[in-house]
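J.:
Numbering (the UniProt record's numbering), first residue to last: 1 to 113.
1) Going by DSSP, which residues form a beta bridge with residue 56?
2) Starting from the C-beta of residue 110, find all residues in its chain whose C-beta is less than 6 angstroms away, skip the five residues before and the five after it, and write them out in chain order.
3) Taking buried to mean at least 16 other C-beta atoms within 10 Å of its own C-beta, is residue 106 buried or exposed?
4) Would you report the Cα separation of residue 61 and residue 100, rounded to the nearest angstrom?
5) What does residue 86 pair with, by DSSP beta-bridge criteria?
6) Name the one or two DSSP bridge partners that residue 111 has.
7) Going by beta-carbon coordinates alone, are residue 26 and residue 57 separated by less than 8 angstroms?
8) I think residue 91 touches residue 71, with their Cβ atoms under 8 angstroms apart; what is that distance to the nearest whole Å?
9) What residue from 93, 42, 94, 74 has the CA that sits closest to residue 108's CA?
10) How about residue 38 and residue 76: are their beta carbons less than 8 angstroms apart?
11) Buried or exposed: residue 96, going by 16 or more other Cβ atoms within 10 Å of its Cβ?
12) Hey, out of 18, 87, 63, 46, whose CA is closest to residue 112's CA?
Shown next as structure tokens:
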């Protein structure tokens, strides 16, 4: 998604859910990756640093932000273009063994240093 209001010291996030119910009981995930493509940002932000973090959602609440577990973080320049690849094998196996804990991932992009 493009965010036209990508300004200094802002936090943007999106949640992703995965249906792993088709993986048979007793099977293990040997590899799982979350990939996201970063397009070039507006030229006025080209010198900005963006921190991209991926979190496992561990608990949801009706009236406040979810509890999160940080899986990985990357830094990039706003002018960078390309794929970010996050290894989520351990998290995926946890979800296969404990499907009630499969609350998805949260991808977070923050601007500013």
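All C-beta atoms, glycine included, are put in the ideal place defined by N, C-alpha and C.
T.: So, from the listed chains and residues:
1) BP columns for residue 56 point to 69, 105.
2) Within the same chain, 11, 51 come within 6 angstroms of residue 110 by CB-CB distance, once the 5 residues on both sides are set aside.
3) Counting Cβ neighbours within 10 Å, residue 106 comes out buried, since at least 16 surround it.
4) Rounded to the nearest angstrom, the two C-alpha atoms are 15 angstroms apart.
5) Its beta-bridge partners are 34.
6) Beta bridge pairing from DSSP links residue 111 with 50.
7) Taking 8 angstroms as the Cβ cut-off, residue 26 and residue 57 do not qualify as a contacting pair.
8) About 6 angstroms separates the two Cβ atoms, so the contact holds.
9) The residue with the shortest Cα to Cα distance from residue 108 is 74.
10) Going by C-beta atoms, residue 38 is nearer than 8 angstroms to residue 76.
11) Around the Cβ of residue 96, a 10 Å sphere holds 16 or more other Cβ atoms; the residue is buried.
12) Nearest option by C-alpha distance: 46.
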